[in-house]
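Shown next, in structure tokens, is the structure this report addresses.
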Amino acid sequence: MEFSLTADVLSWNRRIFVVLGLWPLSINDRNFVFFFGYLAIHCFMEYCELFQYIDNFEYVIVNLTENVFLTLVLIKLGAYRLNAKRLNRLLMDIKEDYEEENYKTLEEKLAFFEYNAISKKFMKMALPSMFMTALLYYVRPLTGQLVTGNIGKKNYTCTN
């Protein structure tokens, strides 16, 4: 295995974090404000809905299940943005580890390749599962309409 192939994990992470505006080497405030603002508004509305239906125990459980996850993501995005300079330095140190001259013995190189292979497997499993989770999250409201067959039919709510 070549050292040039091991940097794939960094490029995969870069692609994700550039979209969010959080890649430490090129912070994009416009993208970050958009995604962070969208998520903050969404979380705020979820918490408002939680307090509106606080007397419905089942709804509270469903709301908290969703909202705790969204709040954790919001906190992590904020933490990444606040620590962008530190992450930049860390990323530079990591990039230095991808140089072949840093490894003197074959044992060190094999250990590096092994850990890199593990991180690649994780990324190959995590990214599709995150995509499917997000897709199912947004498709879920449509499933009720599909089951009842109400898609395409006019829905009148007022009676005369």
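496 is the number that this note's numbering gives to position 111 of the sequence shown; each next residue is one higher, with no gaps. All C-beta atoms, glycine included, are put in the ideal place defined by N, C-alpha and C.
Each residue's CA atom was taken as its position, placing residue 508 and residue 468 some 23 Å apart.
Rounded to whole angstroms, the Cβ separation of residue 407 and residue 466 is 6 Å, and the two are in contact under 8 Å. Nearest Cα to residue 397 within the set 529, 525, 513 and 519: 513.
By alpha-carbon distance to residue 405, the top candidate from 439, 393, 524 and 461 is 461. Each residue's CA atom was taken as its position, placing residue 445 and residue 436 some 9 Å apart. Setting aside the 5 residues that flank it on each side, residue 410 is surrounded in the same chain by 473 and 476, each with a C-beta closer than 7 Å to its C-beta; the list follows chain order.
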